[in-house]
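One line per chain: the protein sequences are A and B, in this order.
Numbering (this note's numbering) for the first sequence: 1250 to 1566.
Numbering (this note's numbering) for the second sequence: 6 to 199.
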Amino acid sequence: MKHNEFRQMIHLSLYGELSEDEQKKLKHHLESCEECKLELEQQKYFLSMVSENRKYKVNDSLLNEARVQLRVALGSEMIKNRPTSTFGERIRSLLSSPPRLAFSALVILLAGFVLGGLFFSRQEFILQNDNQTFNKAALSQVDTRITNLQFVDSDQSDGKIEFIFDAVKRVQLKGKVSDPEIQRILTYAMLNEQNPGSRLNSINVMETCGNITSDKEIKDAVITVVMTDENPGVRMEAIKLISKFNYDESLKQAYLYVLLNDSSSALRIASINALIQAAKSGYQLKQNDIELVMKQAKLDDNNYIRLKSKTLLEEYN
Amino acid sequence: MELKDKELINKAKQGDHDAFEQLVYRYDRSVLSVAMRFVNDPDEAKDIYQEVFIRVFKGLKKFEFRSEFSTWIFRITTNVCLTHKSRSKEQMKFSFNSELLNEDDDFMSKEFIDDRISPEEKASMKNMGEFIDEAVENLSERQKITFILKHYEGYKIREIAEILNCKEGTVKKYLFDAIKNLKNRLKFLVAYQT
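See below:
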């Protein structure tokens, strides 16, 4: 075996990667080779120096922040990936079911809530009669709008062209706000509707509904709005709405996230108040949560929040 | 009783969010640790962490237990680290052409090869940890990820080969080159310490 190979074996030996046989060979070589013996000592020292001086370790606070952000991202991802056809089918079933006019409050939903993809999602079809994958009759309806047309292939040399477009149909819907299907549409609207007024209205309507507190999907969606909506008014209404749900770990994470990250002091105040309320009801904060609140107690530019953060910490002392 | 990965994966595949969360919590500290060591920046590390678990979430349905779940996660982590780094490198306009550096280069930054500065002076400029971070940071991407997985995370060479999807011999080469380059970059520090 060449000398250089023994040097490589020294590295592997220090990482416990040698077989018993190889280890014996190396040991035998080291007994007679001063150079390799020195290399072993130097290598040991070097690797321990590199280990001991790596300053960062993953602390709980960083991990907690990463988890909160992941939760938000996953929430958005789940909503994005929810199959639009399912929503479409649900709406169609609502339209075809017997009228459910009721004695309770009725809500009229305009299709502003229902984005194009919800009912007539983006369709691709080829303008050729024998290979038609889309019902062109739907396009002739007066209330179907065609937008966002883009050519995939405008070359007519083969007698065909190809393009994609959005076919959007306005839908008007009546139903009980307590109907889970209606709630699903409202949930979709509060997350995806471009107009903040519509998002706000969706949340306000949900607030009047008593049966949403056991629905985990709605809860996750409201938490996502609290943490990610760009409009502080919408976030504020959403934070009021999540207080209707049972306090648990996910709510605590949302409140902590808002307390640490939201630019609106009103929202941070709402969060710290909710956390104090939960503490008074006996809900425990973990050590890394306490550290985050301590950080806020020192850094927040709002006197009231700093004071309340200290109050919250006192609840645990 | 704690469920095995396989049981949690199957539940998560059926849309059980709690099962998915449990899976995340089993591995996320290690993923964040690798990311943190790779980019040496908490915000970037959190970005990588998020990207990894979004990819895991999206890909879980197609996971068919052909490898260990942990291997799959760290393969994703490695890929995200490598692509993340190349993105940020594109954004940063280096004053020198980093593309000229290849895996075998014993490149040393100007600071390290400036013999006019004594080891004592160099060592007093920053603390030792910063020099080591910088030296690891300057390794080639593959040397760096191999060194992190082996030295800091304690993976076996066989496992790293599976994660990086290459031969064990290749992993050994990355590791030896990484150590050689680190030793070169940090030799003034070793001299100062001894």
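Where a beta carbon is used, it is the ideal one built from N, C-alpha and C, also for glycine.
Thinking residue i and residue j are a contact (beta carbons under 8 Å), I'd like their distance in whole angstroms, please.
i	j	result
I217(B)	T151(B)	This structure does not reach residue 217(B), given that chain B is present from 6 up to 199, and the question cannot be answered.
V1483(A)	P1429(A)	At roughly 23 Å, the Cβ-Cβ gap does not stay under 8 Å, so V1483(A) and P1429(A) are not in contact.
L1508(A)	S1520(A)	4 Å
S1451(A)	M1439(A)	4 Å
Q1399(A)	I1413(A)	6 Å
L1319(A)	F58(B)	5 Å
K1529(A)	E1564(A)	7 Å
M1476(A)	A1503(A)	6 Å
V1471(A)	L1490(A)	5 Å
F62(B)	I14(B)	At roughly 12 Å, the Cβ-Cβ gap does not stay under 8 Å, so F62(B) and I14(B) are not in contact.
K11(B)	F70(B)	7 Å
L191(B)	A140(B)	5 Å
L144(B)	N186(B)	6 Å
Y1496(A)	Y1437(A)	About 25 Å separates the two Cβ atoms, so there is no contact after all.
H89(B)	E49(B)	7 Å
Where does residue i sit, in a helix, a strand or coil, going by DSSP?
i	result
V1572(A)	No information on residue 1572(A) is available, as it lies outside the stretch 1250 to 1566 that chain A covers here.
I1554(A)	helix
Q1533(A)	coil
Q55(B)	helix
Y1504(A)	helix
K1286(A)	helix
E26(B)	helix
G20(B)	coil
C171(B)	coil
E69(B)	coil
S1492(A)	coil
K1251(A)	coil
L1263(A)	helix
Q158(B)	Correcting the residue type first, residue 158(B) is Glu in the shown sequence and not Gln. Coil.
S1499(A)	helix
E1479(A)	coil
D46(B)	coil
S1325(A)	helix
S38(B)	helix
L8(B)	coil
L144(B)	coil
S1300(A)	helix
S75(B)	helix
L1548(A)	helix
L191(B)	coil
S1514(A)	helix
S1520(A)	helix
S1281(A)	helix
F1369(A)	Model confidence at F1369(A) stands at a pLDDT of 35, short of 50, so the residue's coordinates are unreliable and nothing is read from them.
K98(B)	At K98(B), the pLDDT of 38 sits below 50, so the modelled position is not reliable; the number obtained from the coordinates is stated separately. Three-state result, K98(B): coil.
For the ligand PLP, is there a heavy atom less than 8 Å away from the beta-carbon of residue i?
i	result
E1442(A)	The ligand PLP is not part of this structure, which contains no ligands at all.
Exercise. In the stretch 1387-1469 of chain A, which residue ranges form an unbroken alpha helix (DSSP H) of at least 4 residues, counting only runs that do not cross its ends?
Worked result: 1429-1441, 1445-1456
Exercise. Would the stretch 26-37 of chain B and the stretch 45-58 of chain B be scored as touching if the rule is three or more Cβ pairs under 8 Å?
Worked result: yes
For this session: Pair every Cβ in the stretch 173-192 of chain B with every Cβ in the stretch 1276-1290 of chain A, then say whether three or more of these pairs are closer than 8 Å.
Result: no
Problem set entry | the stretch 1524-1540 of chain A in contact with the stretch 1304-1322 of chain A per 3-pair CB rule at 8 Å | yes
For this session: Report yes or no: do the stretch 20-27 of chain B and the stretch 1545-1562 of chain A share at least 3 C-beta pairs separated by less than 8 Å?
Result: no
Exercise. Does the count of Cβ pairs from the stretch 1510-1526 of chain A and the stretch 1289-1297 of chain A closer than 8 Å reach three?
Worked result: no
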